[in-house]
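Below you'll find the structure, written out as structure tokens, and then a few comments.
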Amino acid sequence: MSSPGDEESHARTLHDLPRPVLEPLLRAFRRAADDLPRGSLPAALRPFAGWRPERLHDPRARGVLASALVSDPVLREAVAERLDVHVPMEEAATVDVARLTDSYGEGVAVAALVVAARWGDLATLAARLGEEEAVRGEVAAERATGPPVDERPFDDRDARREAEEAGRLARRAQAAEERARKAEERLAEVAAELEATRQRLDGHRERAEVRRRRDRSRIARLKEQLRHLEARPVIEAQAAARVADELEALAGSLRQPSSEPSSEPAPPSPSAGPPVPREPPSAEPGRPCILPRGLSEDSADGVRSLLRVPGIRVLLDGYNLTLDTFGRAGQRLTEQRRWLTGLAGSAAARFGAKPVVVFDSSGGETGAGPSARDVLVLFTAADETADDRIVEIAAALDPGAPVLVVTSDQELGERASALDANVVRSEAFLKAVDG
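The opening position of the sequence shown corresponds to residue 1137 in the numbering used here, with each subsequent residue numbered one higher.
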């Protein structure tokens, strides 16, 4: 903490500074006096609060203002906020005097030293300014009393002063260029950040729109499925009523005596062998298809029920089927493909389904391969997998068209289920069709 003697010395140093270098400080004080309540100013300074900056050069006003600035940190802070040129507080407190002068000029540098309370540095700068003022006075006196300018002897001091002034101006120009370069770099960074933010926002909007379309499609499919499910009890009740009527009619005919021999064939005796199993009823069409009660997609009857859906598109994961336990893992790839293509043709002929067999490309096969009747065989491109091709086909079909994906690959099954396709394991399909 400064003693009263130190504060008086600092105030005297500030009071004695040349008039030009005090201009920024006086203008800042006048702005602060206009903005602050009159009662917040030191009592001795209040009579001068309304004075214009040029009147504040009055020795009495300068003395009171200097003492107030030295002793009142609140006043210094208010003045710092209202300088013509903003000097960051960190620079005002740490940057050396020469750099402050080169960067902002002598007047702003003096104001920065005052608001940062760097009284020792201010005294050093005041001494240098005093020397320069004295030299300028000597030069003016010599010019007034000496020979004409052109006839004066060469003075090394003039050359030195000119060199110092040129160096100071060069340093100030360099500092200004550096600030401009940093401002341009920051502007470029801000522009890049804005562009990146815009791109992220566009991406979020696109993904949100895709999700909204997918959700709307899924809602429509779920509403359609709900409509079918709500109609099923009515259909089942009507079917039960028909069966009850038929049973009642049959029971009535059995109760009536008949004089004529029956023309109905006798029921088969137990020794005639087991009855031929009936084909399961077709699943209810949709996306996904609804299996009859009591059937599951893991059973052969469940698979046959799905295959009987009119127009169902059956997407077969080629090598996943041929390499299954019930497939043809021990044979050559060409034999495996021929066997699965024939099996798919048999399923098409038996159930009326539309099989598509997709094989991963190997040995150079690409595009569509040789197909059996009503069977489409596809080979993937070199940079594509059968899983991706199957998902692509399922997604491209009409949202309400029935689709059955046959694979034991868990990841492919999950991707297909997300598209509301029915998914059955390779083993269940082979048992249902080849069993």
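Glycine residues also receive a C-beta, built at the ideal position from the N, C-alpha and C atoms.
On the three-state DSSP scale, how would you describe residue i?
i	result
residue 1511	coil
residue 1415	coil
residue 1360	helix
residue 1190	coil
residue 1406	In this prediction, residue 1406 has a pLDDT of 43, which is less than 50 and means its spatial position is unreliable; nothing more can be read from the coordinates.
residue 1566	helix
residue 1331	helix
residue 1298	helix
residue 1209	helix
residue 1156	helix
residue 1326	helix
residue 1465	coil
residue 1534	coil
Inspect the beta-carbon positions of residue i and residue j and report whether they are closer than 8 angstroms.
i	j	result
residue 1474	residue 1423	no
residue 1448	residue 1548	no
residue 1536	residue 1360	yes
residue 1162	residue 1192	yes
residue 1477	residue 1492	no
residue 1511	residue 1451	no
residue 1147	residue 1206	yes
residue 1558	residue 1415	no
residue 1165	residue 1223	no
residue 1219	residue 1247	yes
residue 1519	residue 1455	no
residue 1523	residue 1545	yes
residue 1531	residue 1566	no
residue 1443	residue 1489	yes
residue 1234	residue 1149	no
residue 1208	residue 1178	yes
Which residues share a DSSP beta bridge with residue i?
i	result
residue 1490	1449
residue 1495	1515
residue 1540	1450, 1558
residue 1111	In the structure as shown, the chain starts at 1137 and stops at 1571, and residue 1111 therefore has no counterpart that could be examined.
Use the C-beta contact count for residue i: other C-beta atoms within 10 angstroms, 16 or more gives buried, fewer gives exposed.
i	result
residue 1526	buried
residue 1568	buried
residue 1538	buried
residue 1203	buried
residue 1300	exposed
residue 1239	buried
residue 1480	buried
Cβ contact (3+ pairs, closer than 8 angstroms) linking the region 1257-1276 and the region 1314-1330: Because the criterion of three Cβ pairs below 8 angstroms is not met, the region 1257-1276 and the region 1314-1330 do not touch.
Sufficient close CB pairs (3 or more, under 8 angstroms) joining the region 1557-1567 to the region 1457-1468: Because the criterion of three Cβ pairs below 8 angstroms is met, the region 1557-1567 and the region 1457-1468 touch.
Touching by the beta-carbon criterion (3+ pairs, under 8 angstroms), the region 1434-1448 and the region 1510-1520: Output reads no: the region 1510-1520 does not touch the region 1434-1448.
Three or more C-beta pairs below 8 angstroms linking the region 1228-1242 and the region 1161-1176: The region 1228-1242 is not in contact with the region 1161-1176.
Contact between the region 1141-1157 and the region 1259-1276 (3+ Cβ pairs under 8 angstroms): With the cut-off at 8 angstroms, the region 1141-1157 and the region 1259-1276 touch.
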